[in-house]
Ligand code: 3PG
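In the working numbering, the protein residues as written are 1 to 305.
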């Protein structure tokens with residue numbers, strides 16, 4: 001059977017090599033479409049039984065074009081790019097690969113924070129992270145890695161996550177908090193790790209951002225959709241001490257950079273999971289899950305049940 005790997009942002013060559021080995025080792029054929037458009041994906045998927053993507057959109061149009069498609073694996077954590085209802089209607093199993101790229105995202109949080117607080121290495125004196133407060137908004141796999149690394153920096157860490165027990169956070173060296181208001185009011189740095197869902201879209205708004213204490217920094221390596229961009233802009237305009245860092249550029253990025261170049265920091269492209277290790281972990285897990293699903297219906301990480 002044919003398995004399509006369609007990634008606008010390509011995996012590292014070493015990961016592609018491993019994915020090919022897994023797919024061919026199971027007697028299937030790899031079809032690779034890198035840096036392609038949606039039209040390229042649609043053209044390539046028509047006779048494929050499996051599809052592996054990253055943040056690439058998989059919607060009705062793609063599924064209608066793929067009568068043989070049985071399984072889609074999002075090589076990564078967030079699956080807001082996949083229309084789950086359509087997949088279910090088409091009889092397609094959708095899975096993600098939880099945890100496989102979370103360390104890479106967590107390391108970038110600190111890479112970006114250090115770049116910001118050291119004034120982009122422009123020769124002036126910056127500040128340190130040691131002794132500062134960090135609030136982790138959602139304590140999933142990325143949040144846990146952020147907490148682990150923050151401990152090494154000597155930060156004081158709190159987290160909010162209604163799905164995680166207080167004792168689990170305490171065991172990880174993190175202070176549990178129980179409301180967004182508490183999280184944003186009491187931490188100079190807040191790192192976002194919530195998924196983009198109908199409940200979270202636009203939920204990080206002006207009122208919440210303005211709760212941050214003096215010299216507050218909001219860092220978003222999750223999804224741009226969780227931010228209310230008009231509210232973000234208003235908060236940054238009304239509070240000259242606030243800063244915003246994101247690996248998921250807002251639509252208003254150019255406007256913010258022009259207006260307050262020192263107070264915002266964006267990667268040119270979403271780079272959180274873009275390491276050889278994360279690509280290998282997530283890419284190979286995805287390939288194995290597709291192969292197993294086609295062989296015996298494996299569905300452990302199915303998200304459209
Ligand atoms: C994820 O949800 O796994 C991360 O946001 C990484 O996304 P990417 O594979 O598009 O880089």
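Heads up, the beta-carbon is just placed ideally off N, CA and C, and yes, glycines get one too.
> Span of the alpha helix (DSSP H) holding residue 242?
Replying inline: From DSSP, residue 242 is part of no alpha helix (DSSP H); its letter is neither H nor E.
>> Which of the three DSSP states is assigned to residue 302 in this structure?
In response: strand
>> Looking only at its chain, what residues have a beta carbon closer than 7 Å to the beta carbon of residue 279, apart from the 5 residues adjacent to it on each side?
In response: 11, 12, 15
> What's the C-alpha gap between residue 58 and residue 204?
Replying inline: 26 Å
> What residues are listed by DSSP as bridge partners for residue 96?
Replying inline: 74
>> Considering only the alpha carbon of each residue, which of 159, 120, 122 lies closest to residue 135?
In response: 159
> Which one or two residues does DSSP pair with residue 50 in a beta bridge?
Replying inline: 3, 71
> In the DSSP assignment, what are the bridge partners of residue 34?
Replying inline: 7
> Hey, quick one: how far does the beta strand (DSSP E) through residue 137 stretch, first residue to last?
Replying inline: 133 to 137
>> As a quick exercise: from 167, 161, 164, 208, pick the residue whose alpha carbon is nearest that of residue 181.
In response: 208
>> Given this structure, state the Cα-to-Cα distance separating residue 214 from residue 34, to the nearest angstrom.
In response: 44 Å
>> Between which residues of its own chain and residue 281 is the CB-CB distance below 8 Å, once the five residues before and five after are set aside?
In response: 97, 100, 101
> Who are the Cβ neighbours of residue 304 in its own chain at under 6 Å, not counting the five residues just before and after it?
Replying inline: 84, 87, 88, 94
>> By the DSSP assignment, the beta strand (DSSP E) with residue 177 in it spans what residues?
In response: 175 to 177
>> If I measure Cβ to Cβ from residue 22 and keep anything under 8 Å in the same chain, skipping five residues before and after, which residues do I get?
In response: 284, 287, 288, 291
>> Mapping the DSSP letters down to three states, classify residue 198 as helix, strand or coil.
In response: coil
> Rounded to whole angstroms, how far is the Cβ of residue 39 from the Cβ of residue 295, which I believe are closer than 8 Å?
Replying inline: Not really, about 31 Å apart at Cβ, beyond 8 Å.
> Does DSSP put residue 211 in a helix, a strand or coil?
Replying inline: coil
>> In this structure, how does DSSP classify residue 29 when only helix, strand and coil are distinguished?
In response: strand
> Nearest-angstrom Cα distance between residue 302 and residue 77?
Replying inline: 12 Å
>> The alpha helix (DSSP H) that contains residue 218, what's its start and end?
In response: Careful: residue 218 lies outside any alpha helix (DSSP H), inside the beta strand (DSSP E) at 217 to 220.
> Expressed to the nearest angstrom, what Euclidean distance is found between the alpha-carbon atoms of residue 216 and residue 165?
Replying inline: 27 Å
> Looking at the unbroken beta strand (DSSP E) that takes in residue 189, where does it start and where does it end?
Replying inline: 189 to 192
> Nearest-angstrom Cα distance between residue 29 and residue 259?
Replying inline: 50 Å
>> I'd like to know if residue 194 contacts chain D, where contact means its C-beta is closer than 9 Å to some C-beta of that chain.
In response: Structure shown: chain D not included; a single protein chain is present.
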